[in-house]
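Colleague: I'd like to ask you about the structure that follows.
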Amino acid sequence: MVCQWRSVLLNGQRSFPLRPLITNHDAFWIVKPKVRGQRYRNRSDTRRSRPPRMVDSGPLTDHGSFGGAMPMHLFKGLREGLEKSATRVEPARTRGKRVVVHEDVGRFNIFQRLVDARFAVMLRFESFHELKALGIKDSKDLQKEARLFKSIINRAFDLASRNNFTSRRDNPYFYSWRQAFIEGDTSGLHTELKYSFTSFIVRQHLSSDAIAQHEKLADFRFPHEWFPATRTMQRTVHLHVGPTNSGKTYNALKALEQSKTGIYAGPLRLLAHETYMRFTAKGKRCALVTGEEQRIPPGDEDYYASCTVEMAPLNRRVDVAIIDEIQMIGDEQRGWAWTQAVLGIQAKELHLCGEERAVPLIQDLCAKTGDKVVVHRYQRLNALQPMQEGLGGSFEKLQKGDAVVSFSRVNLHAIKAGIEKATGKKCAIVYGALPPESRAQQAALFNDPNNEYDFLAASDAIGMGLNLEVRRVIFEAVTKHDGIKIRELNIPELKQIGGRAGRFKSAAQGMQDATGTAITERKEQPGFVTTLENEDLDVIHNSFAQEPEPIAAAGLFPPSFIIEKFASYFPAGTPFSFILLRLRDIARIHGRFQLCSFKDQINIANIIQSFDLSIRDRCIFLVAPITLRDQGVTGFVRELASRVAKNQTGHLLDFPEVNLEILEYEQHEYPQGSAAYLKNLESLHKCLTLYLWLSYRYVGIFQSQTLAFHVKQQVEEKINSYLDNLNYSAAGRQSRLAQQRRAVKKRSQNASLVFGDEMGQSPPQAGQEPMFA
């Protein structure tokens, strides 16, 4: 189904031609209010319009955003008024197509037309079978609720246009729809509308006692109270802040090395693995704890633990703990893990390493917990200089020690091939998904000045402390796909990645310095930052001339014990995704906290909704490493959930979704072609990673852990072999970059056209159209 949004977002005059909204046989149309003498009905079409129909299949989906909760007394009063005053707007029919008619609502009229159109599409094509448990028995009941909700849409836009009420407090529905559109485009708006409509129906079935309990459980203003054992300790929090290449993590790791027990918690598996290898090489007993791999040393618990932040142990007392990249506490997706670690780790000394912009927030959090704060500020060990010109798209201008940064594994391997062809020298490659042994080997080849590996192709993983000695950082592009949309890199990202230029050593390498020389005594050459394309250089200069804003709030996600209790107040069969969204909407949070995105969790909840799982099991699946964009993985998730629900053993060979047959083929032999070969290998790798992750949570069910590790290694070898044989195409790279720039520009223009001066732009002129594809 291809959406044609040109007609939806027009800021036209009193009349304009009908244009299709959806290019299928049952398309919707949208028009302005008719003027005198204008006829919208086709004379040959006298059929009455059909009411919205009930569909008894398909899951409820949501892409997550801020919600549209309304106080119950306002909701009930509004609903009573709507039931008395709502009148049905009969849609006309033109050539068998539905026409939605509404009044002009002022400066947000473009956005309202988009909302009206998405609501119409939702009623026509989405499933509402789960609402039968709440009294919606047929299409007549659904139609009645839809008319009432349409009045709420009109009221929300009237408040926004006439009274300038656009905040979450003053106009929650409008706020939630606008945030959903900004964060998730039309798909995000569509699913937020479905949640708003479902919530509108459900609230009338909630008792006053249930509502009171909901509000009590959703009070997240004091998350430090979730960790009572930690609150009995008097901790000293050492905050190591400064730019990249300033030695902050090095000094924190020295404190960890000198302790008897401790924890290192980093943002990436590769950083956890690097620290684990360093401590093990020094003869120290160290555990590696990540989601998909756990290596626990035998014997007592007097050992170090190197882990990803999400896996940081909160029930074990240690002397020293390090939480790396503390600025990620404000991340909309993963920030909750840093908040949980800061508030919950039981360490006498807690060392937090990161950027200066995290200092005010951490000081406020420690004031609430009663912990002592000591701030250690560091300066760069050498200068960092943005260059005055780029490389003009030519790899021939590369110099020894250059690192070219890109944001796709396929692009990186193509760039590697292009560099080697243009220069006649070898190029190492490093990215997060590279196996640890291969990554260490590639880093060593690049760092060794006495071989032919003069260049490095690297992902943004180099911005988080990898042991790489880079002279110049060269951005192949200044845009990336963040999992939702293509966007420009922000100031902190550019500074952190670019700051690796000229860096002295990573903290982990500094720990192995045999001379004992203090890191601050070394004299270093400056580092340089530039771009492969000259037209991207302005982005670098503008970003390096600014300081990022201080982090305003720490991320939160409700812990499983709160979700379990909250769910107990809903009728049996209530969709788990709705429970999560309801909790999101009524949550009370302190100004220094923010709820992290529920997008992925909502989608996972919908995937496993039909299985008879406990709330605890559902919460485990919510945080599993599930790649929702891969259809093969989502089918595998359903099979895994089915085994857990039935408490049935699930050996790896029992799952047809695990495509082991692909291992029998070489790239040139695969029947479906080369591109499908890589895609299916990557899908298999994601399935194996998920299986291993669950094997640590359901030991008695998923018992093929050893086999899964073995197959995973084989898949990684196949993927690396494929990528090593990629060819570089300069024309293909230019086409890709141009497409990304257009996508960024298109998104900005769409937002400006929809929101007008709300986005700092003038309202669109008549006939001006956004560029939705």
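The opening residue of the sequence shown carries number 1 in the UniProt record's numbering; numbering runs sequentially from there.
Glycine residues also receive a C-beta, built at the ideal position from the N, C-alpha and C atoms.
From this set, Glu-469, Ile-136, Ala-461 and Glu-535, which residue's C-alpha is nearest Asn-382's C-alpha?
Modeller: Glu-469
Colleague: Do the stretch 236-244 and the stretch 362-375 touch if we need at least three Cβ pairs shorter than 8 angstroms?
Modeller: yes
Colleague: Under 8 angstroms, with one C-beta from each stretch per pair, do the stretch 713-722 and the stretch 662-672 reach the 3-pair mark?
Modeller: Output reads yes: the stretch 662-672 touches the stretch 713-722.
Colleague: Quick one: measure Cβ to Cβ for Tyr-722 and Leu-678, integer angstroms, because I've assumed they're closer than 8 angstroms.
Modeller: 5 angstroms
Colleague: So what does DSSP say about Ser-306, is it helix, strand or coil?
Modeller: strand
Colleague: Pull up the distance between the alpha-carbon of Phe-157 and that of Tyr-175, whole angstroms please.
Modeller: Here the C-alpha atom of Phe-157 lies approximately 10 angstroms from the C-alpha atom of Tyr-175.
Colleague: Is Glu-533 closer than 8 angstroms to Gly-390 when the C-beta atoms are compared?
Modeller: yes
Colleague: Going by DSSP, what residues sit across from Gln-219 in a beta bridge?
Modeller: Per the sequence shown, residue 219 should be read as Asp rather than Gln. DSSP output for Asp-219 lists Arg-588 as bridge partner(s).
Colleague: Alpha carbon to alpha carbon, how far is Ser-65 from Lys-282?
Modeller: At Ser-65, the pLDDT of 32 sits below 50, so the modelled position is not reliable; the number obtained from the coordinates is stated separately. Straight-line Cα distance between these residues: approximately 47 angstroms.
Colleague: Helix, strand or coil, according to DSSP, for Gln-734 in the structure here?
Modeller: Helix at Gln-734.
Colleague: Kindly provide the ranges of any alpha helix (DSSP H) runs that are 4 or more residues long and lie completely inside the stretch 125-202, ordered along the chain.
Modeller: 139-162 and 172-202
Colleague: Give me, in chain order, the residues of the same chain whose beta-carbon lies closer than 6 angstroms to that of Leu-256; leave out the 5 immediate sequence neighbours on both sides.
Modeller: Taking Leu-256 as the centre and dropping the five residues before and after it, the same chain places the C-beta of Gly-262, Val-320 and Ile-322 closer than 6 angstroms to its C-beta, in chain order.
Colleague: Leaving aside the five residues before and after Glu-349 along the sequence, list all residues of the same chain whose C-beta is less than 6 angstroms from its C-beta, in chain order.
Modeller: Thr-236 and Val-320
Colleague: From Ser-543 to Ile-497, what does the alpha carbon distance come to, in whole angstroms?
Modeller: 12 angstroms
Colleague: Within the stretch 358-394, note down every full alpha helix (DSSP H) run reaching 4 residues or more, in order along the chain.
Modeller: 359-369
Colleague: If you drop the 5 nearest sequence neighbours on each side, which residues of the same chain put their C-beta closer than 7 angstroms to that of residue 774?
Modeller: Given a span of 1 to 773 for the chain in the structure shown, any question on residue 774 remains unanswerable.
Colleague: Taking buried to mean at least 16 other C-beta atoms within 10 Å of its own C-beta, is Asp-302 buried or exposed?
Modeller: Around the beta carbon of Asp-302, a 10 Å sphere encloses fewer than 16 other beta carbons of the protein chains shown; the residue is thus reported as exposed.
Colleague: For Leu-412 and Ile-462, what's the separation of their Cα atoms in angstroms?
Modeller: 13 angstroms
Colleague: Give, in chain order, every unbroken run of the alpha helix (DSSP H) that is at least 4 residues long and sits entirely within the stretch 604-683.
Modeller: 615-622 and 631-646
Colleague: Where does Gln-525 fall in DSSP's three states?
Modeller: Gln-525: coil per DSSP, three-state reduction.
Colleague: Within this structure, are the beta carbons of Asp-324 and Pro-267 separated by less than 8 angstroms?
Modeller: Against a cut-off of 8 angstroms, the Cβ pair of Pro-267 and Asp-324 comes out as a contact.
Colleague: Three-state secondary structure (DSSP) at Thr-244?
Modeller: Thr-244 falls in the coil class under three-state DSSP.
Colleague: Please report the straight-line C-alpha distance between Met-233 and Asn-725, rounded to a whole angstrom.
Modeller: 55 angstroms
Colleague: Count Cβ pairs between the stretch 217-231 and the stretch 551-571 that sit closer than 8 angstroms; are there 3 or more?
Modeller: yes
Colleague: I need the boundaries of the beta strand (DSSP E) containing Ile-323, first residue and last residue.
Modeller: 318-323
Colleague: Is it right to say Gln-258 is buried, meaning 16 or more other beta carbons lie within 10 angstroms of its own, or is it exposed?
Modeller: By the C-beta density criterion, Gln-258 is exposed, having fewer than 16 other C-beta atoms within 10 angstroms.
Colleague: Can you grab the Cα-Cα spacing for the pair Arg-168 / Gly-330, in whole Å?
Modeller: 20 angstroms
Colleague: Where does Gly-485 sit, in a helix, a strand or coil, going by DSSP?
Modeller: Note that residue 485 is Lys in the sequence shown, not Gly. Three-state DSSP puts Lys-485 in coil, outside helix and strand.
Colleague: Chain B beta carbons: is any one of them nearer than 8 angstroms to that of Tyr-378?
Modeller: The structure shown contains no chain B; it is built from a single protein chain.
Colleague: Inspect the beta-carbon positions of Arg-278 and Pro-297 and report whether they are closer than 8 angstroms.
Modeller: The answer is no: Cβ separation not under 8 angstroms.
Colleague: Where Val-359 and Ser-642 are concerned, what is the direct C-alpha to C-alpha distance, given to the nearest angstrom?
Modeller: 46 angstroms
Colleague: Could you tell me if Gly-400 is buried or exposed, where buried requires 16 or more neighbouring beta carbons within 10 angstroms of its beta carbon?
Modeller: Position check: residue 400 holds Lys in this sequence, whereas Gly was assumed. Answer is exposed; the Cβ neighbour count stays below 16.
Colleague: Going by beta carbon distance, what residues of the same chain come within less than 6 angstroms of Gly-135, once the five residues before and after it are set aside?
Modeller: The answer is none, since no qualifying residue turns up.
Colleague: By the DSSP assignment, the beta strand (DSSP E) with Glu-349 in it spans what residues?
Modeller: 347-354
Colleague: Please classify Ala-117: does DSSP put it in a helix, a strand, or coil?
Modeller: In this structure, Ala-117 counts as helix in the three-state DSSP scheme.
Colleague: Run through DSSP, which three-state label would Arg-472 get?
Modeller: strand
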